[in-house]
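Residue numbers (the working numbering), protein chains in the order written: chain Z, 1 to 201; chain H, 1001 to 1201. Glycine included, each C-beta is placed from N, C-alpha and C at the ideal position.
There are 2 protein chains.
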Amino acid sequence: MEFHYPNGKKFSPKPAKSSAVKKEKSYSHGKRGMTLEDDLNETNDYYVHSGMAVIHKKPVPVQIVNVDYPKRSAAVIKEAYFKQASTTDYNGVYKGHYVDFEAKETRNRTSFPLQNFHQHQLDHMKQVTAQRGIAFVIIRFSLTEEIFLMPYVQLNNFWERMLKGGRKSMTKKEIEETSYSIPLGLHPRIDYLKIIDHLLK
Amino acid sequence: MEFHYPNGKKFSPKPAKSSAVKKEKSYSHGKRGMTLEDDLNETNDYYVHSGMAVIHKKPVPVQIVNVDYPKRSAAVIKEAYFKQASTTDYNGVYKGHYVDFEAKETRNRTSFPLQNFHQHQLDHMKQVTAQRGIAFVIIRFSLTEEIFLMPYVQLNNFWERMLKGGRKSMTKKEIEETSYSIPLGLHPRIDYLKIIDHLLK
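Now the structure itself:
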């Protein structure tokens, strides 16, 4: 058995000059090949630089075991392990509102597996909602590049159904009925603030 | 020259069962020996568990270069480097309000060095303030265990003074005049929400 990174994929370290690589990618293949995380990072950069919101992805949580301090150069982490995040990956502030979400994608075509989420993330989103924060998930069907924003309350209904022995995924139809579709744009790529504006009304 | 961890201290990995260690510490030596980070983590745990607020420390940002995927066991990060954080360390939600802060301590007795903060953190707090979030720093004089909450606007005044060629630290007296003292308690240890309540009035 191979241990995989929490999102089910092997971890592939990004080159330091990832922006250059990204640009090349986007020029040569259009929007294809970008991960949901890439698109959201670009979106959040756009929001910060245009003064619309301050929302960031949290660093990958790592349990550091051994660090080397060589003379005349930077400290090197020699042994560390991936930890499961205790919260969601993204949070920040938009017009005074606290925004908190998790983002996941699937290569399935007709349903979205709930195993992409974890009980403690649902617990966290519940706590956030109780504090009047805005909690949701952004999910993407990568093969068709369809993106949805599903509020926490809706996700929790499907989660509870699973805990009661029901299906372990949400069908595409269920998602369409309970979520907001976000069209893929150029700048920003995933304009989820528009949906939040709608939720705030 | 030795590279140090951003807070100026060598990185010392925490044992996995840190809660047990913490308890022992606190029984045998009272409140002494706890770092500001320990005290804030305990405070935030208290807030979350009592349903008062959802505020967490972000993971330490790390640039991962090399990961080993041994068969039948967890992925091991073999080479990684500390990255400078692009935001502050703590954020979350309290009664619908976005809360964002950095926490630093000094062993000085009469002044607090501004080198504990970075331009990009000031920039981040400015952006947060523009989005109507609540941004501040929590500073501690570790030798006397005095703790203060200084709002971003006040910190920025001292920062600007430094950029104009003024002193590179804030005197204790200046801090007392511009900040809110937080008495060290038992549960929670650093009850900063009380100050936020005051700021929100």
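Please state whether DSSP places P117 (chain Z) in a helix, a strand or coil.
The sequence shown places Phe at residue 117 (chain Z), not Pro. When DSSP states are grouped into helix, strand and coil, F117 (chain Z) belongs to the coil group.
Taking 8 angstroms as the CB-CB cut-off, is T1088 (chain H) touching chain Z?
Output row for T1088 (chain H): interface = no.
For P1183 (chain H), is the classification buried or exposed, using 16 other Cβ atoms within 10 angstroms of its Cβ as the cut-off for buried?
Under this definition P1183 (chain H) is an exposed residue.
Contact criterion: CB-CB distance below 8 angstroms. Does N44 (chain Z) meet it with respect to chain H?
False, the Cβ-Cβ gap to chain H never drops below 8 angstroms.
Can you tell me where the beta strand (DSSP E) with R140 (chain Z) in it begins and where it stops?
Counting along the chain, the beta strand (DSSP E) containing R140 (chain Z) begins and ends at 134-141.
Quick one: list the residues of chain H neighbouring N41 (chain Z), beta-carbon separation under 9 angstroms, in chain order.
Annotation: N41 (chain Z) has no Cβ neighbours in chain H at a cutoff of 9 angstroms; minimum Cβ distance is about 12 angstroms.
Is the stretch 1059-1073 of chain H close to the stretch 1171-1191 of chain H, with three or more CB pairs under 8 angstroms?
They do not touch, by the three-pair rule.
Neighbouring residues, chain H, relative to P59 (chain Z) (Cβ below 9 angstroms):
Those within 9 angstroms of P59 (chain Z) in chain H are K1058, P1059, V1060, P1061, V1062, K1083, A1085.
Give the secondary structure of T1110 (chain H) by DSSP, where H, G and I count as helix, E and B as strand, and everything else as coil.
The three-state reading of DSSP puts T1110 (chain H) in coil, since its state is none of H, G, I, E or B.
Counting along the chain, where does the beta strand (DSSP E) carrying H1056 (chain H) start and finish?
Note, H1056 (chain H): beta strand (DSSP E), 1054-1057.
Tell me, to the nearest whole angstrom, how far the beta carbon of I1139 (chain H) is from that of F1101 (chain H); I am working on the premise that it is less than 8 angstroms.
The Cβ separation is near 10 angstroms, so there is no contact.
Taking the alpha-carbon positions, what's the M150 (chain Z) to R161 (chain Z) distance?
Going from the Cα of M150 (chain Z) to the Cα of R161 (chain Z) covers about 16 angstroms.
Contact under 8 angstroms by Cβ, P188 (chain Z) with K1058 (chain H)
No, Cβ-Cβ distance for P188 (chain Z) and K1058 (chain H) is not below 8 angstroms.
Measuring alpha carbon to alpha carbon, tell me which residue in H:A1080, H:I1175, H:K1083 is nearest T1110 (chain H).
For the residues H:A1080, H:I1175, H:K1083, the minimum Cα distance to T1110 (chain H) belongs to H:I1175.
Cβ contact (3+ pairs, closer than 8 angstroms) linking the stretch 126-135 of chain Z and the stretch 1048-1057 of chain H
Yes, the stretch 126-135 of chain Z touches the stretch 1048-1057 of chain H.
Of all the CB atoms in chain H, is at least one closer than 8 angstroms to the CB of N7 (chain Z)?
For N7 (chain Z), the predicted model reports a pLDDT of 48, less than 50, meaning its position is unreliable and no value from the coordinates is stated.
Output the distance between the C-alpha atoms of L220 (chain Z) and N157 (chain Z), rounded to the nearest integer angstrom.
Any answer about residue 220 (chain Z) is impossible in this case: the structure gives chain Z only from 1 up to 201.
Would S1086 (chain H) and H1120 (chain H) be called neighbours here (beta carbons separated by less than 8 angstroms)?
Going by C-beta atoms, S1086 (chain H) is nearer than 8 angstroms to H1120 (chain H).
Please list, in chain order, all residues of the same chain as L1193 (chain H) whose beta carbon is under 8 angstroms from its beta carbon, the five residues on each side excluded.
Counting only Cβ-Cβ distances below 8 angstroms, and skipping sequence neighbours, we find Y1047, M1052, A1053, Y1094.
Could you tell me the alpha carbon to alpha carbon distance between G92 (chain Z) and Y98 (chain Z), rounded to whole angstroms?
Roughly 6 angstroms separates the two Cα atoms.
Between the C-alpha atoms of R1167 (chain H) and L1036 (chain H), what's the straight-line distance to the nearest angstrom?
Their Cα atoms are separated by approximately 25 angstroms.
If we count the other Cβ atoms within 10 Å of its Cβ and call it buried at 16 or more, is D1197 (chain H) buried or exposed?
Around the beta-carbon of D1197 (chain H), fewer than 16 other beta-carbon atoms lie within 10 Å, marking it exposed.
Does any residue of chain Z bring its CB to less than 8 angstroms from the CB of V1137 (chain H)?
Residue-level contact check: V1137 (chain H) does not touch chain Z, since none of the beta carbons of chain Z fall below 8 angstroms from its beta carbon.
Within 10 Å of its beta-carbon, does L1199 (chain H) have 16 or more other beta-carbons around it, so buried, or fewer, so exposed?
Looking at its Cβ environment, which holds fewer than 16 other Cβ atoms inside 10 Å, L1199 (chain H) is exposed.
Would you say M202 (chain Z) and Y81 (chain Z) are within 8 angstroms of each other, going by their C-beta atoms?
The shown model of chain Z, from 1 to 201, leaves out residue 202 (chain Z), and the question about it has no answer.
Looking at C-alpha atoms only, which residue of Z:F136, Z:T106, Z:F117, Z:L114 is the closest neighbour of T144 (chain Z)?
Among Z:F136, Z:T106, Z:F117, Z:L114, the Cα nearest to that of T144 (chain Z) belongs to Z:T106.
Apart from the five residues just before and just after T43 (chain Z), which ones in its own chain have a Cβ nearer than 8 angstroms to its Cβ?
If we look at T43 (chain Z) and ignore the five residues flanking it on each side, its Cβ neighbours are P188, R189, I190, D191, Y192.
Report all residues from its chain with a CB closer than 6 angstroms to the CB of V1067 (chain H); omit the five preceding and five following residues, and keep chain order.
Cβ neighbours of V1067 (chain H) beyond the five flanking positions: A1075, I1077.
Taking only the alpha-carbon atoms, compute the straight-line gap between L186 (chain Z) and K1201 (chain H) and give it to the nearest angstrom.
Here the C-alpha atom of L186 (chain Z) lies approximately 42 angstroms from the C-alpha atom of K1201 (chain H).
Residues that N91 (chain Z) contacts on chain H, provided the C-beta gap is smaller than 7 angstroms
Neighbours of N91 (chain Z) on chain H, chain order: N1091.
Boundaries of the beta strand (DSSP E) in which M1150 (chain H) is found, first to last residue
Per DSSP, M1150 (chain H) belongs to the beta strand (DSSP E) from 1146-1151.
Limits of the beta strand (DSSP E) - the one that Y1180 (chain H) falls within
1180-1182 is the extent of the beta strand (DSSP E) around Y1180 (chain H).
Using a Cβ-Cβ cut-off of 8 angstroms (strictly less than) and excluding sequence neighbours within five positions of N41 (chain Z), which residues of its own chain qualify?
Excluding residues within five positions, the ones whose Cβ falls inside 8 angstroms are K57.
Between the alpha carbons of W1159 (chain H) and G96 (chain Z), how many angstroms are there, rounded?
Roughly 25 angstroms separates the two Cα atoms.
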